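Q:
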Amino acid sequence: MTLPLHHPDDQFLIGYASGQERAGKSLLVATHLAYCPDCRRRVASYEALCGNWFEELPCNDHDGLDALLDRMDGLLTAARAPAEAKPSQPVAANQSGIDPAGGRLVPEPLRGWLPEAIDTPTDDGSWREISKGVWLSGWERTLSGTTICLLRMASGAPVPAHRHTADELLLVLQGAFSDEYGSYALGDVAQYVADTDHHAQGASEEDCICLFLLDGELIFLDEAGNPA
Numbered sequence: 015m016t017l018p019l020h021h022p023d024d025q026f027l028i029g030y031a032s033g034q035e036r037a038g039k040s041l042l043v044a045t046h047l048a049y050c051p052d053c054r055r056r057v058a059s060y061e062a063l064c065g066n067w068f069e070e071l072p073c074n075d076h077d078g079l080d081a082l083l084d085r086m087d088g089l090l091t092a093a094r095a096p097a098e099a100k101p102s103q104p105v106a107a108n109q110s111g112i113d114p115a116g117g118r119l120v121p122e123p124l125r126g127w128l129p130e131a132i133d134t135p136t137d138d139g140s141w142r143e144i145s146k147g148v149w150l151s152g153w154e155r156t157l158s159g160t161t162i163c164l165l166r167m168a169s170g171a172p173v174p175a176h177r178h179t180a181d182e183l184l185l186v187l188q189g190a191f192s193d194e195y196g197s198y199a200l201g202d203v204a205q206y207v208a209d210t211d212h213h214a215q216g217a218s219e220e221d222c223i224c225l226f227l228l229d230g231e232l233i234f235l236d237e238a239g240n241p242a
């Protein structure tokens with residue numbers, strides 16, 4: 015299996031390791047870990063290096079997490095060395111990094127959230143088309159203010175150009191896509207912040223399917239880059 019090239023930012027990995035990250039983003043990080051032994055080792059390193067600091071943080075205290083990130087500046091580089099030297103340390107038994115999905119579309123923990131029709135996509139009404147060759151799943155959840163669903167792109171099909179008003183994250187579960195910032199394949203994470211403009215398109219022979227997390231509204235743009 016080809017390993018991911020694009021990973022969640024250290025802030026997301028540290029937040030996940032500390033239990034401080036919001037539930038929606040934690041679901042994305044945990045699913046990425048199933049594909050990525052490097053990030054599993056990094057999470058294990060953060061837990062080992064900063065366990066006492068994590069225990070001092072009040073639950074859901076994002077100011078506390080910011081303070082922790084400031085204190086970790088000197089440890090981030092040092093954490094990489096022991097992480098690379100250690101063998102893979104799965105976060106959970108089903109996150110071995112070898113065929114994590116077991117021949118199905120997605121690994122746990124995401125698999126347990128999805129209906130069977132989504133895990134093996136078919137044209138059975140589980141998807142709604144938002145533009146030609148681009149669909150959103152009928153399955154949708156909201157966790158800690160983050161909207162979560164699946165985005166599906168046919169080969170070469172463009173997602174309409176849009177601007178973000180808050181964070182957006184994508185995790186590739188099948189196929190590949192590309193945009194102005196790079197190309198993303200199985201297990202890769204793409205991150206976009208507020209005021210980012212972009213448009214993606216499917217870049218594989220099979221449909222590209224992504225876990226799609228959105229914190230705010232999208233503003234769709236016309237050809238001149240103005241709000242449509």
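Just so you know, the sequence shown maps onto residues 15 to 242 in my numbering.
C-beta: ideal position from N, C-alpha, C; glycine also.
This one's a predicted model, so the numbers in the text were calculated from it and none came from an experiment.
Taking only the alpha-carbon atoms, compute the straight-line gap between proline 96 and tryptophan 141 and give it to the nearest angstrom.
A: Only weak support exists for where proline 96 lies, its pLDDT of 38 falling under 50; the value from the coordinates is given anyway. Cα-Cα distance, rounded: 44 Å.
Q: Would you call the CB atoms of leucine 185 and threonine 45 closer than 8 Å?
A: Yes, Cβ-Cβ distance for leucine 185 and threonine 45 is below 8 Å.
Q: Based on Cα-Cα distance, which residue from Arg36, Val43, Leu157 lies nearest to glutamate 122?
A: Of Arg36, Val43, Leu157, the residue nearest in Cα terms is Val43.
Q: If we call anything under 8 Å between Cβ atoms a contact, is glycine 189 one with glycine 216?
A: In this structure, glycine 216 lies closer than 8 Å to glycine 189 by Cβ.
Q: Between the C-alpha atoms of glutamine 25 and glutamate 130, what's the straight-line distance to the nearest angstrom?
A: Approximately 32 Å between the Cα atoms of the pair.
Q: Take the Cβ of valine 57 as the centre, count every other Cβ of all protein chains shown within 10 Å, and call the residue buried at 16 or more, exposed below.
A: Valine 57 should be labelled buried.
Q: Out of Leu200, Gln205, Met167, Leu128, state which residue places its alpha-carbon closest to the alpha-carbon of glutamate 182.
A: Cα-wise, what sits closest to glutamate 182 is Gln205.
Q: What does the Cβ neighbour count give for isoleucine 144, buried or exposed, with the cut at 16 atoms within 10 Å?
A: The residue is exposed, with fewer than 16 neighbouring Cβ atoms inside 10 Å.
Q: For arginine 54, which option in Ala37, Ala175, Tyr30 has the closest C-alpha, if you only look at C-alpha atoms?
A: For arginine 54, the nearest C-alpha among the options comes from Tyr30.
Q: Starting from the C-beta of glutamate 154, find all residues in its chain whose C-beta is less than 6 Å away, skip the five residues before and the five after it, and write them out in chain order.
A: Counting only Cβ-Cβ distances below 6 Å, and skipping sequence neighbours, we find Cys163.
Q: Considering only C-alpha positions, which residue in the set Gly170, His213, Tyr198 is nearest to histidine 176?
A: Of the listed residues, the one whose Cα sits closest to histidine 176 is His213.
Q: Based on the DSSP secondary-structure assignment, which residues constitute the bridge partners of glycine 216?
A: In DSSP, glycine 216 forms a bridge with Ser169, Phe191.
Q: Just mark tyrosine 158 as buried or exposed, buried being the case when its beta carbon has 16 or more other beta carbons within 10 Å.
A: The question names tyrosine, yet the displayed sequence has serine at residue 158. Exposed, because fewer than 16 other Cβ atoms sit within 10 Å of the Cβ of serine 158.
Q: Starting from leucine 25, trace the alpha helix (DSSP H) in both directions and tell me its first and last residue.
A: Looking at the sequence shown, residue 25 is not leucine but glutamine. Looking at the DSSP string, the run of the alpha helix (DSSP H) that includes glutamine 25 is 24–32.
Q: Can you give me the Cβ contacts of tyrosine 60 inside the same chain, cut-off strictly under 6 Å, excluding the 5 residues immediately before and after it?
A: Only Ile28, Ala31 meet the Cβ criterion.
Q: Assuming cysteine 50 contacts glycine 230 under a Cβ cut-off of 8 Å, what Cβ separation, rounded to an integer in Å, is found between them?
A: Contact flag wrong, Cβ pair sits at about 27 Å.
Q: With burial defined as no fewer than 16 other Cβ atoms inside 10 Å of the residue's Cβ, what is the status of valine 207: buried or exposed?
A: Exposed: under 16 other Cβ atoms inside 10 Å.
Q: For lysine 39, does the count of other Cβ atoms within 10 angstroms reach 16, so buried, or fall short, so exposed?
A: Buried, because 16 or more other Cβ atoms sit within 10 Å of the Cβ of lysine 39.
Q: Assign threonine 45 to one of three DSSP states: helix, strand, or coil.
A: Three-state result, threonine 45: helix.
Q: Would alanine 180 and glycine 147 qualify as a contact pair, given that the criterion is a beta-carbon distance under 8 Å?
A: No, the pair does not count as a contact, with Cβ atoms beyond the cut-off.
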